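Remarks on the structure that follows.
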Amino acid sequence: MSYEKFSADNAALLLIDHQVGTMGWVKSIPFDELKRNALMLAQTASILKLPVVLTSSMEEYAQGPLLSELETILPAEFASRVKRMGIVNAMDDESFAAAVKATGRRKLIIAGVTNDVCTVYPALSLVRDGYEVQVVADGGGSPSAMADDIALRRMEKGGVTLTTTNQLIAELAGSWATPEGGQLVQVLMTALQG
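Below is the structure:
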């Protein structure tokens, strides 16, 4: 298998269900760390002008609204987010599938909550459909460490590449010496100091 790095020119970011209620169900990673990583991914996409698709599930129920910071970082994407009504696999939602296709990108970065329900099925569906998929393992989480481990193993076995927030940001940056790279260093430093 040949390696071609993900970059601002060839990748898109899918943020799935980073909702305050759903994130509260995650126990495999601390809430603050999960939130920090999700927001770092959003900031990275904003700096690099990556296409982004946001989606939520049943915001009016226990899942709650998307993180309000996402509206500040990605206002247009937040306004056009795909609101699913309980469809587990986001790729089974026609509006979400159309938004993914509209990015025009074949390399997709996914972070979702929870990894064991909301991330695993679209990731596997997209690999099946010929996309190259990286799942940001610490940009999501699950209700237990075992649930998270099994979901990540299932995705990896299904052809998904697993990564972490810092690793992905470094890959997308390519160089810290560019203007965008300098901004990304600030995102990383701010997060690590916070």
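Going by the numbering used here, the first residue of the sequence shown is number 16, and it counts up by one from there.
Ideal Cβ placement from N, Cα and C applies to all residues, glycine included.
On a predicted model such as this, the values are computed, not experimentally measured, just so you know.
Restricting to Cα atoms, I'd like to know which of the options is closest to residue i.
{"i": "N198", "options": "L56, T87 and R169", "result": "Correcting the residue identity first, residue 198 is Gln in this sequence and not Asn. When only C-alpha atoms are compared, the closest one is L56."}
{"i": "Y136", "options": "V175, A117, A113 and A160", "result": "V175"}
{"i": "M170", "options": "D131, P194, T205 and Q182", "result": "D131"}
{"i": "L141", "options": "A113, P158 and G156", "result": "A113"}
{"i": "G145", "options": "A185, V115, Q182 and V200", "result": "V115"}
{"i": "W40", "options": "A138, E19, Q149 and A162", "result": "A162"}
{"i": "G173", "options": "A138, M204, P45 and P194", "result": "A138"}
{"i": "P45", "options": "A160, V148, G101 and L123", "result": "A160"}
Using the beta-carbon count (16 or more within 10 Å), is residue i buried or exposed?
{"i": "A3", "result": "The question about residue 3 has no answer, for the chain in this structure spans 16 to 209."}
{"i": "R120", "result": "buried"}
{"i": "R99", "result": "buried"}
{"i": "S72", "result": "buried"}
{"i": "Q208", "result": "exposed"}
{"i": "A106", "result": "Correcting the residue type first, residue 106 is Met in the shown sequence and not Ala. M106 comes out buried."}
What distance in whole Å lies between the Cβ atoms of residue j and residue i, which are believed to be in contact at a cut-off of 8 Å?
{"i": "L89", "j": "S61", "result": "6 Å"}
{"i": "N5", "j": "G154", "result": "Residue 5 falls outside the range modelled here, since the chain spans only 16 to 209, and no answer is possible."}
{"i": "T70", "j": "V97", "result": "4 Å"}
{"i": "S157", "j": "T129", "result": "5 Å"}
{"i": "T118", "j": "I125", "result": "With a Cβ gap of about 12 Å, T118 and I125 do not count as contacting."}
{"i": "V68", "j": "A94", "result": "Rounded, the Cβ-Cβ distance is 13 Å, inconsistent with contact."}
Considering only residues of the same chain and omitting the five flanking positions on each side of residue i, which have a CB-CB separation below 7 Å?
{"i": "T180", "result": "N52, M55, L56, V151, D153 and G154"}
{"i": "Q58", "result": "I88 and V202"}
{"i": "A23", "result": "L63, K64, L65 and L187"}
Could you check whether the Cβ of residue i sits closer than 6 Å to any heavy atom belonging to the ligand NAD?
{"i": "V135", "result": "In the structure shown, the ligand NAD is absent, as is every other ligand, since no ligand is present at all."}
Between residue i and the rest of its own chain, which residues show a CB-CB distance below 8 Å, the 5 nearest in sequence each way excluded?
{"i": "Q78", "result": "D32, Q34, G36, T37, S71 and S72"}
{"i": "G101", "result": "S72 and M73"}
Enumerated in chain order, which unbroken segments of the alpha helix (DSSP H) with a length of 4 residues or greater are wholly contained in the stretch 33 to 61? 35 to 39
Ignoring anything shorter than 3 residues, give me the beta strand (DSSP E) runs that lie fully in the stretch 125 to 176, in order along the chain. 147 to 151
Minimum length 4: unbroken alpha helix (DSSP H) runs contained in the stretch 61 to 131: 83 to 88, 90 to 94 and 109 to 117
Where are the beta strand (DSSP E) runs, 3 residues long or more, that stay fully inside the stretch 178 to 202, in chain order? none
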